[in-house]
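Chains as they are written, first to last, in this note's numbering: chain A, 64 to 263; chain B, 1132 to 1251.
Before any comments, here is the structure.
Pasting the structure below:
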């Protein structure tokens, strides 16, 4: 009797698959609703570069999140508390993709930054240090993320689970992950501050 | 058995990937400093970028500096990979060289340091 009741209970409960599919349907419905009714053009601004700069900014946010997760996993790797590195493999690969995409869109938006009457001209006229010190440093330090992310991702994927057994290699990879996170944060903060002062 | 095998796995491949990344960044830093110092070199750097980057004129010599970084990084990676892939390298020395190199690369793209170097 008890077994019969518990089987009935299980049958009555929706499976996790049904819950996930239901959740996806609701999210997609809301996304379409917002997409076709919200005035996104107003949100992006009137600039001809609005879409490119938005994509650059969103990729930078994604990159900051991904490098933060990678930095945290790097710390766990450093102290020897990361047993399997499946999450780290995935995060390191994502770091490479976000860094590459952010640089491509960054190059694109840099054209608008340097154009006559653009933010560069504005800063050089009103506050040259913003361009000469902060922006110049940001534009180069942002490039650091790609080779560092590729080096760590390659090493993590090459050595896979054996990485945790090679302490000197593991420690170096972990330190590079944390360094990449620091650079990513520095770039992100400078990018946000400069955009706040004058956007394209 | 697996752990014994993994302990003896050479670290050379990882070392090559790390050192080449540092070399690429250091070369970019040096090229940037040299481009600030010599305007004729700055023009040459821009011409290098124009060879393959779309709209390179729009982003100026930055395109050439990126190109130098890519060439130095990927070129040295190929070379170091061939040299080190079967070898075990002292990681303490590698880590020290790597972090000093990256720190120098960061200084070479920091305008107050460049001004100090060039006596401006």
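Ideal Cβ positions, reconstructed from N, Cα and C, are used throughout, including at glycine.
Every value quoted in this text rests on a predicted model; they were computed, and no experiment measured them.
Quick one: list the residues of chain B neighbouring residue i, beta-carbon separation under 9 Å, in chain order.
| i | result |
| --- | --- |
| residue 111 of chain A | Under the 9 Å cutoff, chain B gives no residues; its nearest Cβ is about 14 Å from residue 111 of chain A. |
Along chain A, which residues have their Cβ under 9 Å away from the Cβ of residue i?
| i | result |
| --- | --- |
| residue 1202 of chain B | Near residue 1202 of chain B there are no residues of chain A at all, since even the closest Cβ is about 12 Å away, more than 9 Å. |
| residue 1237 of chain B | 200, 203, 204, 207, 246 |
Based on Cα-Cα distance, which residue from the options lies nearest to residue i?
| i | options | result |
| --- | --- | --- |
| residue 264 of chain A | A/139, A/92, A/133, A/165 | Residue 264 of chain A lies beyond the residue range present for chain A, which begins at 64 and ends at 263; the question has no answer from this structure. |
| residue 1148 of chain B | A/235, A/229, A/213 | A/213 |
| residue 1191 of chain B | A/188, A/241, A/246, A/174 | A/174 |
| residue 155 of chain A | A/211, A/78, A/96, A/245 | A/211 |
| residue 168 of chain A | B/1159, B/1174, B/1186, B/1210 | B/1186 |
| residue 129 of chain A | A/136, A/117, A/158, A/115 | A/158 |
| residue 256 of chain A | A/230, A/198, A/219 | A/198 |
| residue 251 of chain A | A/134, A/236, A/202 | A/202 |
| residue 147 of chain A | A/225, A/231, A/244 | A/225 |
| residue 176 of chain A | A/112, A/97, A/246, A/191 | A/112 |
| residue 139 of chain A | A/236, A/81, A/218 | A/236 |
| residue 126 of chain A | A/259, A/82, A/246 | A/246 |
| residue 244 of chain A | A/91, A/76, A/116, A/136 | A/136 |
Using the beta-carbon of each residue, which ones in chain B are nearer than 8 Å to residue i?
| i | result |
| --- | --- |
| residue 218 of chain A | 1144, 1145, 1148, 1149 |
| residue 213 of chain A | 1148, 1152 |
Mind pulling the chain A residues with CB within less than 7 Å of residue i?
| i | result |
| --- | --- |
| residue 1156 of chain B | 207, 210 |
| residue 1222 of chain B | 231, 232, 235 |
| residue 1231 of chain B | Here the premise fails: no neighbours, minimum Cβ distance about 12 Å. |
Check the Cβ of residue i against every Cβ in chain B and list those closer than 7 Å, keeping chain order.
| i | result |
| --- | --- |
| residue 221 of chain A | 1144, 1145 |
Residues of chain A with CB closer than 8 Å to the CB of residue i, please, in chain order.
| i | result |
| --- | --- |
| residue 1140 of chain B | 222, 225, 229 |
| residue 1226 of chain B | 231, 234, 235, 238 |
| residue 1164 of chain B | Per Cβ cutoff of 8 Å: no residues; residue 1164 of chain B is ~11 Å from chain A at best. |
| residue 1159 of chain B | 203, 206 |
Could you run through the region 1169 to 1186 of chain B and flag, in chain order, every residue whose CB is less than 8 Å away from some CB of chain A? Among the residues of the region 1169 to 1186 of chain B, those with a Cβ less than 8 Å away from any Cβ of chain A are 1184, 1186, in the order of the chain.
Please list the residues of the region 1186 to 1200 of chain B that have a C-beta atom closer than 7 Å to any C-beta atom in chain A, keeping them in chain order. Answer in chain order: 1186, 1189, 1190, 1191, 1193, 1197, 1200.
Using a beta-carbon distance cut-off of less than 7 Å, what residues from the region 74 to 107 of chain A approach chain B? Listed by position, the residues of the region 74 to 107 of chain A near chain B (Cβ gap below 7 Å) amount to none.
Output, in sequence order along the chain, the residues in the region 224 to 238 of chain A whose CB is closer than 9 Å to any CB in chain B. Listed in chain order, the positions of the region 224 to 238 of chain A with a beta carbon within less than 9 Å of a beta carbon of chain B are 224, 225, 226, 228, 229, 230, 231, 232, 234, 235, 236, 238.
Using a Cβ cut-off of 7 Å, which residues of the region 157 to 170 of chain A contact any Cβ in chain B, in chain order? Of all residues in the region 157 to 170 of chain A, 170 have a Cβ within less than 7 Å of some Cβ in chain B.
Kindly provide the ranges of any alpha helix (DSSP H) runs that are 4 or more residues long and lie completely inside the region 221 to 245 of chain A, ordered along the chain. Fully enclosed alpha helix (DSSP H) runs of 4 or longer: not present.
Residues in the region 174 to 203 of chain A with C-beta within 7 Å of chain B's C-beta atoms, listed in sequence order? For the region 174 to 203 of chain A, which is checked against every Cβ of chain B, the residues closer than 7 Å are 174, 177, 195, 196, 199, 200, 202, 203.
For the region 153 to 221 of chain A, list the alpha helix (DSSP H) runs that are entirely contained and at least 4 residues long, ordered along the chain. With a minimum length of 4 residues, the continuous alpha helix (DSSP H) runs that stay inside the region 153 to 221 of chain A are 182 to 189.
Would you mind listing the beta strand (DSSP E) stretches within the region 83 to 130 of chain A that are 3+ residues and don't spill past its ends, in chain order? The region 83 to 130 of chain A contains no whole beta strand (DSSP E) run of 3 or more residues.
Going residue by residue through the region 1187 to 1227 of chain B, where are the continuous alpha helix (DSSP H) segments of at least 4 residues, counting only ones entirely within it? Unbroken alpha helix (DSSP H) runs of no fewer than 4 residues, entirely contained in the region 1187 to 1227 of chain B, are found at 1187 to 1190, 1193 to 1215, following chain order.
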